[in-house]
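What follows is a set of notes on a single structure, which appears directly below.
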Amino acid sequence: MTDLLTNPVLKDFFTSLMAGDLNLMTGFVWFLVATALSMIGGAIGGIILAKEDLGYELAALLGGFFGPAGVIPGIILGLIVLNVLRNF
424 MTDLLTNPVL
434 KDFFTSLMAG
444 DLNLMTGFVW
454 FLVATALSMI
464 GGAIGGIILA
474 KEDLGYELAA
484 LLGGFFGPAG
494 VIPGIILGLI
504 VLNVLRNF
């Protein structure tokens with residue numbers, strides 16, 4: 424575990440992630456975090472909307488699949504806009 428904390432590559436990565444630098448690796452990490460959160464939110468929304476009609480499991484499964492469908496293009500567009508605004 425101490426090798427992970429002393430590795431210069433990971434140390435630079437965590438430093439840039441915490442500082443808010445937006446490069447290819449940090450953008451990919453934020454993309455994965457946002458996608459996971461949208462899947463969780465979609466599953467919760469599916470359960471709230473269709474638990475009586477479809478059942479809890481199927482409603483959560485469909486919500487988890489269709490939740491990121493509208494979020495992923497927004498994530499990509501937001502990361503592009505942040506990158507463009509950072510370069511001004």
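Residues in the sequence shown are numbered consecutively from 424, following our numbering. We put the beta carbon where it would ideally sit given N, CA and C, even for glycine. Quick caveat, the model's predicted, so the values are computed rather than measured.
- Linking Leu440 to Ala483 through their CA atoms gives a straight-line distance of about 31 Å.
- Within the segment 440-468, no run of beta strand (DSSP E) reaches 3 residues while sitting entirely inside it.
- Here Trp453 is actually not in contact with Leu508; their C-beta atoms are around 15 Å apart, not less than 8 Å.
- As the crow flies, the alpha-carbon of Pro491 is around 21 Å from that of Gly478.
- Note that the C-beta distance between Asn506 and Leu455 is not below 8 Å.
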